[in-house]
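Worksheet: one structure, shown below.
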Ligand SMILES: Cc1cc2nc3c(=O)[nH]c(=O)nc-3n(C[C@H](O)[C@H](O)[C@H](O)COP(=O)(O)O)c2cc1C
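In this note's numbering, the protein residues as written are 1 to 199.
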């Protein structure tokens, strides 16, 4: 059976993390469900070359090469009847990259007003991997408490704050150093970024 993953891109700065993650996962024979919030689409249009439309097309236009058995299901976050809404739909983990403080607040308080929140809520109740690339700076006490609540419920809080010990040369290097850690947590072997100690 192909491994199945969910990636959600929300309206925090750093849509590039979500796009690189989707591209990286699509290099494996996986079934991927990708959701973008409305704010995620707007911020991505501002920060990247993404225009409203297909994520797969955008990634292919920008050089993404996918595994021939990989499939990408672009799922409407308003579609509460989609597979990812149900705990009976089995998958191998969900990543919200980047994760806005709004979405973090919803997830950490069990509010499921869209399919991204619902799919994350399902991960927590079903004890499946949920990784939040929570992005804001500075962090208020409310943000910190919401991160703690989500972590206590089983989520992995992985702020996209890259290390510099691999001496990154480009923005892509920085982004991929975070995406590599996400793949590690999804148990996907990868050489996307240098490991310590460096060979
Ligand atoms: C250019 C831009 C950058 C933003 N960056 C952040 C951010 O880094 N973190 C955050 O929590 N919200 C950020 N926001 C605000 C969110 O987009 C906003 O709170 C939105 O309601 C989040 O909705 P969502 O969680 O459904 O995606 C940003 C908004 C804009 C327009």
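Note that beta-carbon positions come from the ideal geometry of N, C-alpha and C, so glycine has one too.
Under the three-state DSSP convention, the category residue 75 falls into: Residue state, collapsed to three classes: strand.
If you measure between the beta carbons of residue 113 and residue 12, is that distance less than 7 angstroms? Judged by beta-carbon spacing, residue 12 lies beyond the 7 angstroms limit of residue 113, meaning their Cβ atoms are not closer than that value.
For ligand 1, I want to know if residue 101 counts as a neighbour, meaning its beta carbon is within less than 6 angstroms of at least one of the ligand's heavy atoms. Flag set: Cβ of residue 101 near ligand 1.
For a quick check, are the C-beta atoms of residue 6 and residue 84 less than 7 angstroms apart? The answer is yes: Cβ separation under 7 angstroms.
Locate the alpha helix (DSSP H) running through residue 27, then write down its first and last residues. Per DSSP, residue 27 belongs to no alpha helix (DSSP H) and is neither H nor E.
Report the three-state DSSP secondary structure of residue 5 (helix, strand or coil). Reduced to three states, the DSSP call for residue 5 is strand.
Rounding to the nearest angstrom, what Cα-Cα distance links residue 107 and residue 119 in this structure? Rounded to the nearest angstrom, the two C-alpha atoms are 9 angstroms apart.
Could you spell out where the alpha helix (DSSP H) holding residue 44 opens and where it closes? Taken as a continuous stretch (DSSP letters only), the alpha helix (DSSP H) holding residue 44 covers 38-47.
Indicate the three-state DSSP secondary structure (helix, strand or coil) for residue 83 in the structure shown. When secondary structure is reduced to three states using DSSP, residue 83 falls in the helix class.
Is residue 37 a contact residue of ligand 1, with contact defined as CB to any heavy atom under 6 angstroms? Yes - ligand 1 has a heavy atom lying nearer than 6 angstroms to the Cβ of residue 37.
Can you say whether residue 43 is buried or exposed, counting buried as having 16 or more other CB atoms within 10 angstroms of its CB? With 16 or more Cβ atoms within 10 Å of its Cβ, residue 43 is classed as buried.
So what's residue 101 in DSSP terms, helix, strand or just coil? Residue 101 falls in the helix class under three-state DSSP.
For the beta strand (DSSP E) containing residue 55, name the first residue and the last one. Annotation for residue 55: no beta strand (DSSP E) segment contains it, though the alpha helix (DSSP H) segment containing it runs 55-61.
Bridge-paired residues (DSSP) for residue 131: DSSP lists 95 and 156 as partners of residue 131.
Please return the same chain residues whose Cβ sits closer than 7 angstroms to the Cβ of residue 165, not counting the five positions on each side in sequence. Only 196 meet the Cβ criterion.
Beta carbon of residue 181, beta carbon of residue 160: below 7 angstroms? At the C-beta level, residue 181 and residue 160 stay beyond 7 angstroms of one another.
Whose CA, out of 177, 171, 26 and 96, lies closest to the CA of residue 77? It is 96 whose Cα lies nearest to the Cα of residue 77.
Which partner residues of residue 174 appear in the DSSP bridge assignment? DSSP, once it has assigned bridges, lists no residue as partnering residue 174.
Quick check on DSSP: helix, strand or coil for residue 139? Coil.
Going by the DSSP bridge assignment, what does residue 35 pair with across the sheet? Its beta-bridge partners are 8 and 75.
Quick one: residues in its chain with C-beta nearer than 7 angstroms to the C-beta of residue 54, no 5 flanking neighbours on either side, listed in chain order? Excluding residues within five positions, the ones whose Cβ falls inside 7 angstroms are 74.
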